[in-house]
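Asker:
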Amino acid sequence: AQSVTQLDSQVPVFEEAPVELRCNYSSSVSVYLFWYVQYPNQGLQLLLKYLSGSTLVKGINGFEAEFNKSQTSFHLRKPSVHISDTAEYFCAVSDGGDYKLSFGAGTTVTVRA
Amino acid sequence: GAVVSQHPSWVICKSGTSVKIECRSLDFQATTMFWYRQFPKQSLMLMATSNEGSKATYEQGVEKDKFLINHASLTLSTLTVTSAHPEDSSFYICSARDWASNEQFFGPGTRLTVL
């Protein structure tokens with residue numbers, strides 16, 4: 035079984051500043067890793083995913099994440115945030131076998147002017 | 613891109629009634645759909661996996677008789693909350709796995725309020 039820990043429940047950040055959201059996972063098998071964004075009262079939108087290959091993954095809206103197998107981490111970063119990046123961010127892991135996703139508790143990002 | 617719709621987007625019902633929520637994959641076929649429940653300010657909890665043409669697989673602690681799932685076609689899965697009670701009030705989100713790409717796409721969610 036796999037699990038996900040998002041180390042920060044809330045991250046306030048000023049507009050145009052960088053942001054990093056931390057995610058650690060545990061799994062006994064190879065994993066697929068995902069970051070999703072959720073805007074209020076909406077479903078989830080995929081930001082990026084790691085399946086295999088390059089450990090640095092680039093996604094939509096200027097986000098990127100780096101898979102670190104030795105540290106079992108998949109931290110999300112953006113060099114310069116906008117007000118519109120205010121949302122809930124979820125890290126998720128799947129072992130790929132049954133395609134089930136296990137989600138972290140989420141990180142609320144609030145971008146202020 | 614692939615689109616998943618849910619209907620209704622919100623529903624208010626009286627305690628004791630049943631509510632059906634539909635999840636549709638609009639431009640792809642989904643052999644597998646997933647149903648999640650999300651309480652305010654919390655993460656998504658997987659309730660069940662719905663496979664086309666077969667019985668759903670429920671996660672531990674989820675009552676199969678209370679949350680009836682039907683996946684009658686490759687583009688439609690339904691979740692029926694039977695004899696709903698106020699504690700069933702939640703945000704229900706479905707996702708659909710595209711059989712061709714294995715990618716999972718999420719619906720916009722359904723807000724259920726039971727009075």
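Quick mapping for you: the protein sequence lines, in order, are chains A and B. If you want the numbering used here, it's the 1-based position in the first sequence plus 34. If you want the numbering used here, it's the 1-based position in the second sequence plus 612. No residue lacks a Cβ here, since even glycine has one placed at the ideal position from N, Cα and C.
#1: For B:SER617, which of B:LEU724, B:VAL726, B:GLU671, B:PRO720 has the nearest alpha-carbon?
#2: With distances taken from CA atoms, which of A:ASN75, A:SER107, A:ALA121, A:VAL63 is nearest A:LEU81?
#3: Can you confirm whether B:SER666, when its beta carbon is compared against all beta carbons of chain A, has any partner nearer than 8 Å?
#4: Please decide whether A:LYS134 counts as near chain B, where near means a Cβ-Cβ distance under 8 Å.
#5: Cα-Cα, which of A:TYR66, A:VAL127, A:GLN36 is closest to A:GLY87?
#6: Quick one: residues in its chain with C-beta nearer than 8 Å to the C-beta of B:THR643, no 5 flanking neighbours on either side, listed in chain order?
#7: Take the Cβ of B:ILE633 as the centre, count every other Cβ of all protein chains shown within 10 Å, and call the residue buried at 16 or more, exposed below.
#8: According to the neighbour-count rule (16 or more other Cβ atoms, all chains shown, within 10 Å of its Cβ), is A:LYS134 buried or exposed?
#9: Interface residues of chain B around A:ASN75 at Cβ under 9 Å?
#10: Can you find a CB in chain B that lies within less than 8 Å of the CB of A:ALA139?
#11: Given 8 Å as the limit, is there contact between the region 108-124 of chain A and the region 675-690 of chain B, that is, 3 or more CB pairs closer than that?
#12: Would you list, in chain order, the members of the region 647-662 of chain B that have their beta-carbon closer than 9 Å to a beta-carbon of chain A?
#13: Report the CB separation of A:PHE97 from A:LYS83 in whole angstroms; it is logged as a contact under 8 Å.
#14: Start and end of the beta strand (DSSP E) containing A:ASP119?
#15: If you draw a straight line from the C-alpha of B:PHE585 to the C-alpha of A:PHE124, how long is it?
#16: Does the distance from the C-beta atom of B:SER627 to that of B:ALA696 stay below 8 Å?
#17: Determine the chain B residues that contact A:PHE124 at a beta-carbon separation under 8 Å, and present them in chain order.
#18: What distance in whole Å lies between the Cβ atoms of A:ARG56 and A:LEU78, which are believed to be in contact at a cut-off of 8 Å?
#19: Does DSSP put A:GLU100 in a helix, in a strand, or in coil?
#20: Determine, using beta carbons only, whether B:ARG636 comes closer than 8 Å to chain A.
#21: For A:LYS103, is the classification buried or exposed, using 16 other Cβ atoms within 10 angstroms of its Cβ as the cut-off for buried?
#22: Examine chain B for any beta-carbon lying closer than 8 Å to the beta-carbon of A:LEU78, and answer yes or no.
Answerer: In short:
#1: Within the second sequence, residue 617 of chain B is the residue found at index 5, counting from 1. Measuring from the Cα of B:SER617, the nearest candidate turns out to be B:PRO720.
#2: For the purposes of this step, residue 81 of chain A is taken as residue 47 along the first sequence, with counting starting at 1. Nearest C-alpha to A:LEU81: A:ALA121.
#3: In the second sequence, the residue the question calls residue 666 of chain B occupies position 54. Judged by the 8 Å Cβ criterion, B:SER666 is not in contact with chain A.
#4: In the first sequence, counting from the first residue as 1, residue 134 of chain A sits at position 100. With 8 Å as the cut-off, A:LYS134 counts as an interface residue toward chain B.
#5: Your numbering for residue 87 of chain A matches position 53 in the first sequence. Proximity to A:GLY87 across A:TYR66, A:VAL127, A:GLN36 peaks at A:TYR66, based on C-alpha coordinates.
#6: As a first step, residue 643 of chain B must be located in the second sequence, where it is residue number 31. Closer than 8 Å at Cβ, skipping near neighbours: ASN663, GLU664, LEU686, ARG709, TRP711.
#7: Sequence index remark: in the second sequence, residue 633 of chain B carries index 21 (1-based). A residue is called buried when at least 16 other Cβ atoms come within 10 angstroms of its Cβ; B:ILE633 meets this threshold and is buried.
#8: One-based indexing of the first sequence puts residue 134 of chain A at position 100. Buried, because 16 or more other Cβ atoms sit within 10 Å of the Cβ of A:LYS134.
#9: Mapped onto the first sequence, residue 75 of chain A falls at position 41. The answer, in chain order, is SER621, TRP622, PHE703, PRO720, GLY721, ARG723.
#10: Start at 1 with the first residue of the first sequence, and residue 139 of chain A comes out as number 105. Chain B, which has a Cβ nearer than 8 Å to the Cβ of A:ALA139, makes this yes.
#11: no
#12: TYR648, GLN650, LYS653, GLN654, SER655, LEU656, MET657, LEU658, THR661
#13: Here residue 97 of chain A corresponds to residue number 63 of the first sequence, with the count starting at 1. Here residue 83 of chain A corresponds to residue number 49 of the first sequence, with the count starting at 1. A:PHE97 to A:LYS83, Cβ: 11 Å. No contact.
#14: On the first sequence, residue 119 of chain A is found 85 positions in, with the first residue counted as 1. Here A:ASP119 belongs to no beta strand (DSSP E), and DSSP marks it neither H nor E.
#15: Only positions 613 to 727 of chain B appear in the structure, and residue 585 of chain B is not among them; the question remains open.
#16: For the purposes of this step, residue 627 of chain B is identified with residue 15 of the second sequence, where counting begins at 1. For the purposes of this step, residue 696 of chain B is identified with residue 84 of the second sequence, where counting begins at 1. Their beta carbons are under 8 Å apart, which means B:SER627 touches B:ALA696 by this criterion.
#17: Here the question's residue 124 of chain A lines up with position 90 in the first sequence. Near A:PHE124 (Cβ distances below 8 Å), the residues of chain B are SER655, LEU656.
#18: Working through the first sequence from its first residue, we reach residue 78 of chain A at position 44. Working through the first sequence from its first residue, we reach residue 56 of chain A at position 22. Not really, about 19 Å apart at Cβ, beyond 8 Å.
#19: Your numbering for residue 100 of chain A matches position 66 in the first sequence. Note: A:GLU100 maps to strand in three-state DSSP.
#20: The residue given as residue 636 of chain B occupies position 24 in the second sequence. Closer than 8 Å: no.
#21: Reading the first sequence from its first residue, position 69 is the one you call residue 103 of chain A. So A:LYS103 ends up on the exposed side.
#22: Position 44 of the first sequence, counting from 1, holds the residue named residue 78 of chain A. Closer than 8 Å: yes.
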